[in-house]
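Engineer: Okay, handing you the structure first.
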Amino acid sequence: MLLIDCPYCKEKLPELEFEYAGQAHIARPEHPAEQSDAEWRDYLFIRSNVRGDHAEQWRHTHGCGRYFNAVRNTVSDKFIATYEIGQPRPTVTKEGEERDEQLES
Amino acid sequence: MSKFSALTLLKGALTGYKNVEPQWPDAELKSEYDVIIVGAGGHGLGAAYYLAKEHGITNVAVIDKGWLGGGNTGRNTTIIRSNYLYDESARLYDHAVDLWDGLSQELNYNVMFSQRGVMMLAHNVHDVQSFKRHIHANRLNGVDNVWLTPEQAKEKCPPLNISPTARYPVMGAAFQQRAGTARHDAVAWGYARAAAARGVDIIQNCPVLSIERGPNGAVAGLQTPRGFVKAKKIAVSAAGGTSVVMDTAGVRLPLESYPLQALVSEPVKPIFPQVVMSNTVHAYISQSDKGELVIGSGTDQYVSYSQRGGLPLIEHTIASICEVFPIFRRMRMLRKWGGVVDVTPDRSPILGKTPVQGLYLNCGWGTGGFKATPGSAHVFAHTIAKDEPHPINAPFTLSRFETGRLIDEAAAAAVAH
Numbered sequence: 001m002l003l004i005d006c007p008y009c010k011e012k013l014p015e016l017e018f019e020y021a022g023q024a025h026i027a028r029p030e031h032p033a034e035q036s037d038a039e040w041r042d043y044l045f046i047r048s049n050v051r052g053d054h055a056e057q058w059r060h061t062h063g064c065g066r067y068f069n070a071v072r073n074t075v076s077d078k079f080i081a082t083y084e085i086g087q088p089r090p091t092v093t094k095e096g097e098e099r100d101e102q103l104e105s
Numbered sequence: 001m002s003k004f005s006a007l008t009l010l011k012g013a014l015t016g017y018k019n020v021e022p023q024w025p026d027a028e029l030k031s032e033y034d035v036i037i038v039g040a041g042g043h044g045l046g047a048a049y050y051l052a053k054e055h056g057i058t059n060v061a062v063i064d065k066g067w068l069g070g071g072n073t074g075r076n077t078t079i080i081r082s083n084y085l086y087d088e089s090a091r092l093y094d095h096a097v098d099l100w101d102g103l104s105q106e107l108n109y110n111v112m113f114s115q116r117g118v119m120m121l122a123h124n125v126h127d128v129q130s131f132k133r134h135i136h137a138n139r140l141n142g143v144d145n146v147w148l149t150p151e152q153a154k155e156k157c158p159p160l161n162i163s164p165t166a167r168y169p170v171m172g173a174a175f176q177q178r179a180g181t182a183r184h185d186a187v188a189w190g191y192a193r194a195a196a197a198r199g200v201d202i203i204q205n206c207p208v209l210s211i212e213r214g215p216n217g218a219v220a221g222l223q224t225p226r227g228f229v230k231a232k233k234i235a236v237s238a239a240g241g242t243s244v245v246m247d248t249a250g251v252r253l254p255l256e257s258y259p260l261q262a263l264v265s266e267p268v269k270p271i272f273p274q275v276v277m278s279n280t281v282h283a284y285i286s287q288s289d290k291g292e293l294v295i296g297s298g299t300d301q302y303v304s305y306s307q308r309g310g311l312p313l314i315e316h317t318i319a320s321i322c323e324v325f326p327i328f329r330r331m332r333m334l335r336k337w338g339g340v341v342d343v344t345p346d347r348s349p350i351l352g353k354t355p356v357q358g359l360y361l362n363c364g365w366g367t368g369g370f371k372a373t374p375g376s377a378h379v380f381a382h383t384i385a386k387d388e389p390h391p392i393n394a395p396f397t398l399s400r401f402e403t404g405r406l407i408d409e410a411a412a413a414a415v416a417h
C-alpha cells in the first residue's frame, strides 16, 4: 500500500483515498486552432513514460477532493515529493531518498 | 536437435529422462545481423521463427535483458480469445486463434492449447445489450460467439452462482468455444527451440543500451554491454520496456506502462471447466492443468515499471471472485506477481513500421498480448521481411495517433481493462 502525502491536507494517507490522474505539467495549447495534427498527437497521446522519477497528477478523491502533483519513482514506486497544482516541479534528483525521509519525519 | 514423438516420450519415461539435451544453444552475440529482435518473449521469438521459416531470413538474433519468456509471456493468465468488436481487431486476434490451432504440431512442442471456451458474464442490461452486439459483430466477422442464458451458463460452468438474489446477478453470458488457454512458458520455449533449430541466435541477459542510427537516419545497430552489434533491421518487441528502448532511437510513443497483476490459488481437483470473465465486477478466473485457480483483473491505476503492483487491486479482484463464485471463498491463495504492460490510448496494439528506416515496432498490447502471440509474430515477421505491413496489421500503425484513425477497443470491446 502506497502512503501519499496530500499537500493540501498535510497528511500522509493510504493509496485507497487517492486516484491517479496521469502525467503532470502537460499544458493545453494556447491557440488550439493553430495546432498541427502532429502537435495535437503530442499533446493528447505522447507520454514520457519514464523509467525513473515521474511527475504526475493525483487526486485526493476520498479526502479534500483536490488535484495535486507528485514526483514518484516508477521503479521503486516511492514518492519523492508532492506539491500543489500550479507549482513547478521540484528539482530532486539523486537526493530523492533523503527528501523522502524528510517528508516522513 | 531431436524430434519429439510418442516413441521418444515413451523411451524417456522408461529411462527416467536421464539424457535430456538442451533444447536450444546459448548463442554468442555476433558482430552483425540482418535482423535483431529486441525482446525474447513469445512475440519476439515467434517473429524470429516466422522470419526463418516463411521468409528465409536466418541471420537473426533475439536479444533480451533478462531470461527468455521471463517478461509478460511468463506472467500472464494464459487466456486466448478473439471476440473483439471491430473488424480490424477481429481479423488480427482471429488470425492468432487460427494459428494457435495446430501450433503444437507445427513447433513439435506441446503448448497445451486447450479450447475450453471463454465465457463473459453479463450482470446488467447494458452488459446484455453490449455483449449481444459483440456476438452479432463477431459472427459477421466469422468469429464464433454465442449467447447463453443463465441456466445454460450454469450448465457449462457449475460453480457459477446464478441466484437472482446474488449481489451481481448473472443475466446471461457470451461464450466463445474456440477460445481457451495455453501453457505460456511452453509457447516461448517452443518458438525458441524451433527458431534456434533454423539458425536464429537467442541472446539472454544482454540489455539493449541504445538503438544507434546512421548518418542517413536509418538504423545502424545496437549498443549493448557486450559491444556494438550492426543490424540492417531492428524490430522492437519489448512490451513494458518499449518506451525506454525507443527513446534511444529518438522515437517517442503514445504508451504508458502499468503493472498488471495475477495470482494463483492452492491446487485442487478439476472443478472449473472454462475461462470465465466478468468485466462489470472486474475479474477473471480459470483453472490450470496443475489444478491452481488462475485469477486476474485490470491494471493498477498508476504507471510503474516495478513488476509488482499494489495489494488493494488484489483485494478488489478476490472480493469480486468470491461474490460470483461463493464456492471459492475458503480457497487459499499461493502467490501473486506482476508484469509491466504497455497501454495505448485506444487499447489497440501498434504493429508496423516507424518513422525510422529499418526500425519496426510491435507494442501496445496492454493487458491482452498473450492471446495474439502467434498471429502477431506472424504478421510482424511479414512486416520486417517485406518492409511493408501484412494486410492484417496494416491498420495498426503508429501514425493513427496523428491521423485520428484510432481503433478504439477501450470502451467498446469485451476487454477487461
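Protein chains in written order, with full-length UniProt numbering: chain P, 1 to 105; chain V, 1 to 417.
C-beta: ideal position from N, C-alpha, C; glycine also.
Throw me the rounded Cβ distance for the L16(P) and P259(V) pair, which I believe falls under 8 Å.
Structural biologist: Counting from one through the first sequence, the residue named residue 16(P) turns up at place 16. Counting from one through the second sequence, the residue named residue 259(V) turns up at place 259. Not quite, the Cβ-Cβ distance comes to about 16 Å (not below 8 Å), so this is no contact.
Engineer: Using the DSSP secondary-structure output, state which residues sit across from T316(V) in a beta bridge.
Structural biologist: Residue 316(V) sits at position 316 when you count from the first residue of the second sequence. The question names Thr, but residue 316(V) in the sequence shown is His. Paired residue(s): none; H316(V) is not in a bridge.
Engineer: Looking at the unbroken alpha helix (DSSP H) that takes in A179(V), where does it start and where does it end?
Structural biologist: Here residue 179(V) refers to the residue found at position 179 when the second sequence is read from its first residue. Counting along the chain, A179(V) falls outside any alpha helix (DSSP H), and DSSP gives it neither H nor E.
Engineer: Which stretch, first to last residue, makes up the alpha helix (DSSP H) that contains E88(V)?
Structural biologist: By 1-based counting over the second sequence, the position of residue 88(V) is 88. Looking at the DSSP string, the run of the alpha helix (DSSP H) that includes E88(V) is D87 to W100.
Engineer: Is the shortest distance between the beta-carbon of L16(P) and the beta-carbons of chain V less than 7 Å?
Structural biologist: Within the first sequence, numbered from 1, the residue matching residue 16(P) stands at position 16. By this cut-off, L16(P) is an interface position.
Engineer: Given a threshold of 16 other Cβ atoms within 10 Å of its Cβ, counted over all protein chains shown, does A173(V) qualify as buried or as exposed?
Structural biologist: Here residue 173(V) refers to the residue found at position 173 of the second sequence. So A173(V) ends up on the buried side.
Engineer: Residues bridged to residue 118(P) by DSSP?
Structural biologist: Limits of chain P in this structure are 1 at one end and 105 at the other, which puts residue 118(P) out of reach.
Engineer: Identify which residue in G86(P), A70(P) and V75(P) has its Cα closest to the Cα of I4(P).
Structural biologist: For this step, residue 4(P) is matched to residue 4 along the first sequence. Nearest C-alpha to I4(P): A70(P).
Engineer: Comparing alpha-carbon positions, which option in V264(V), G70(V) and Y302(V) lies nearest N73(P)?
Structural biologist: The residue labelled residue 73(P) in the question sits at position 73 within the first sequence. The option with the nearest alpha carbon to N73(P) is Y302(V).
Engineer: Between which two residues does the alpha helix (DSSP H) harbouring G46(V) extend?
Structural biologist: Working through the second sequence from its first residue, we reach residue 46(V) at position 46. Start and end: G42 to H55.
Engineer: CB L107(V) to CB A194(V), shorter than 7 Å?
Structural biologist: Taking the second sequence and counting its residues from 1, the one referred to as residue 107(V) is at position 107. Taking the second sequence and counting its residues from 1, the one referred to as residue 194(V) is at position 194. Yes.
Engineer: What does DSSP give as the partner residues of A61(V) in its beta bridges?
Structural biologist: Your numbering for residue 61(V) matches position 61 in the second sequence. Its beta-bridge partners are I36(V) and D201(V).
Engineer: Any Cβ of chain P within less than 7 Å of the Cβ of S130(V)?
Structural biologist: As a position in the second sequence, residue 130(V) is number 130, starting the count at 1. Chain P, which has no Cβ nearer than 7 Å to the Cβ of S130(V), makes this no.
Engineer: From W100(V) to S114(V), what distance separates their C-alpha atoms?
Structural biologist: Position 100 of the second sequence, counted from the start, is the residue given in the question as residue 100(V). Position 114 of the second sequence, counted from the start, is the residue given in the question as residue 114(V). For W100(V) and S114(V), the distance between alpha carbons rounds to 10 Å.
Engineer: Chain V beta carbons: is any one of them nearer than 7 Å to that of A38(P)?
Structural biologist: Taking the first residue of the first sequence as position 1, residue 38(P) is located at position 38. Cβ-Cβ to chain V under 7 Å: yes for A38(P).
Engineer: Determine the DSSP secondary structure at Q57(P), reduced to helix, strand or coil.
Structural biologist: By 1-based counting over the first sequence, the position of residue 57(P) is 57. Reduced to three states, the DSSP call for Q57(P) is strand.
Engineer: Kindly say whether E409(V), judged by its beta-carbon, lies nearer than 7 Å to any beta-carbon of chain P.
Structural biologist: As a working note, residue 409(V) is residue 409 in the second sequence. No, its Cβ sits nowhere closer than 7 Å to a Cβ of chain P.
Engineer: Which residues in chain V sit within 8 Å of H54(P), going by Cβ to Cβ distance?
Structural biologist: For the purposes of this step, residue 54(P) is identified with residue 54 of the first sequence, where counting begins at 1. Simply V303.
Engineer: Going by DSSP in three states, G190(V) sits in which element: helix, strand or coil?
Structural biologist: Translated into the one-based positions of the second sequence, residue 190(V) becomes position 190. Note: G190(V) maps to helix in three-state DSSP.
Engineer: Can the beta-carbon of A182(V) be found closer than 7 Å to that of M112(V)?
Structural biologist: Locating residue 182(V) in the second sequence gives position 182, counting from the first residue. Locating residue 112(V) in the second sequence gives position 112, counting from the first residue. Contact: yes.
Engineer: Between D77(P) and chain V, is there a C-beta pair that is closer than 7 Å?
Structural biologist: If you number the first sequence from 1, residue 77(P) lands on position 77. True, the Cβ-Cβ gap to chain V drops below 7 Å.
Engineer: Considering N138(V), what are the terminal residues of the alpha helix (DSSP H) in which it resides?
Structural biologist: Counted from its first residue, the second sequence places residue 138(V) at position 138. Where N138(V) is concerned, the enclosing alpha helix (DSSP H) stretches over V125 to L140.
Engineer: Within 10 angstroms of the Cβ of T261(V), are there 16 or more other Cβ atoms? Answer buried if so, exposed if not.
Structural biologist: In the second sequence, counting from the first residue as 1, residue 261(V) sits at position 261. Reading off the sequence shown, one finds Gln at residue 261(V), where the question assumed Thr. When all chains shown are included, Q261(V) counts as buried.
Engineer: For a test of the three-state rule: what should DSSP assign to I211(V), helix, strand or coil?
Structural biologist: As a first step, residue 211(V) is located in the second sequence; it is residue number 211 there, counting from the start. Residue state, collapsed to three classes: strand.
Engineer: Between the C-alpha atoms of G16(V) and V340(V), what's the straight-line distance to the nearest angstrom?
Structural biologist: As a first step, residue 16(V) must be located in the second sequence, where it is residue number 16. As a first step, residue 340(V) must be located in the second sequence, where it is residue number 340. The straight-line gap from Cα to Cα measures roughly 39 Å.
Engineer: Quick one: which chain V residues come within Cβ less than 7 Å of N49(P)?
Structural biologist: Residue 49(P) sits at position 49 when you count from the first residue of the first sequence. Those are S243, L255, E256, S257 and V303, listed as they occur along chain V.
Engineer: Closest by CA to G214(V), which one among D127(V), V245(V), G250(V) and P349(V)?
Structural biologist: Position 214 of the second sequence, counted from the first residue, corresponds to residue 214(V). Minimum Cα distance to G214(V) is reached at G250(V).
Engineer: If you measure from the CB of W58(P), is any heavy atom of the ligand MN nearer than 6 Å?
Structural biologist: Among the components of this structure there are no ligands whatsoever, and the ligand MN is therefore not found.
Engineer: Determine, using beta carbons only, whether I46(P) comes closer than 7 Å to chain V.
Structural biologist: Indexing the first sequence from 1 puts residue 46(P) at position 46. It does; some Cβ of chain V falls within 7 Å.
Engineer: Note down the Cα distance separating S286(V) from Q274(V), rounded to an integer number of angstroms.
Structural biologist: Counting from one through the second sequence, the residue named residue 286(V) turns up at place 286. Counting from one through the second sequence, the residue named residue 274(V) turns up at place 274. Distance between the alpha carbons of S286(V) and Q274(V): 6 Å.
Engineer: Name the DSSP beta bridge partners of C363(V), please?
Structural biologist: Reading the second sequence from its first residue, position 363 is the one you call residue 363(V). DSSP lists I350(V) as partners of C363(V).
Engineer: Please report the straight-line C-alpha distance between I63(V) and H60(P), rounded to a whole angstrom.
Structural biologist: By one-based count along the second sequence, residue 63(V) stands at place 63. By one-based count along the first sequence, residue 60(P) stands at place 60. Going from the Cα of I63(V) to the Cα of H60(P) covers about 42 Å.
Engineer: Can you give the Cα-Cα distance for C206(V) and T73(V), rounded to whole angstroms?
Structural biologist: In the second sequence, counting from the first residue as 1, residue 206(V) sits at position 206. In the second sequence, counting from the first residue as 1, residue 73(V) sits at position 73. In a straight line, the C-alpha of C206(V) is about 18 Å away from that of T73(V).
Engineer: At which residues does the alpha helix (DSSP H) containing A38(P) begin and terminate?
Structural biologist: Sequence index remark: in the first sequence, residue 38(P) carries index 38 (1-based). Where A38(P) is concerned, the enclosing alpha helix (DSSP H) stretches over D37 to L44.
Engineer: With H, G and I counted as helix, E and B as strand and the rest as coil, what does DSSP make of L10(V)?
Structural biologist: In the second sequence, the residue the question calls residue 10(V) occupies position 10. Helix at L10(V).
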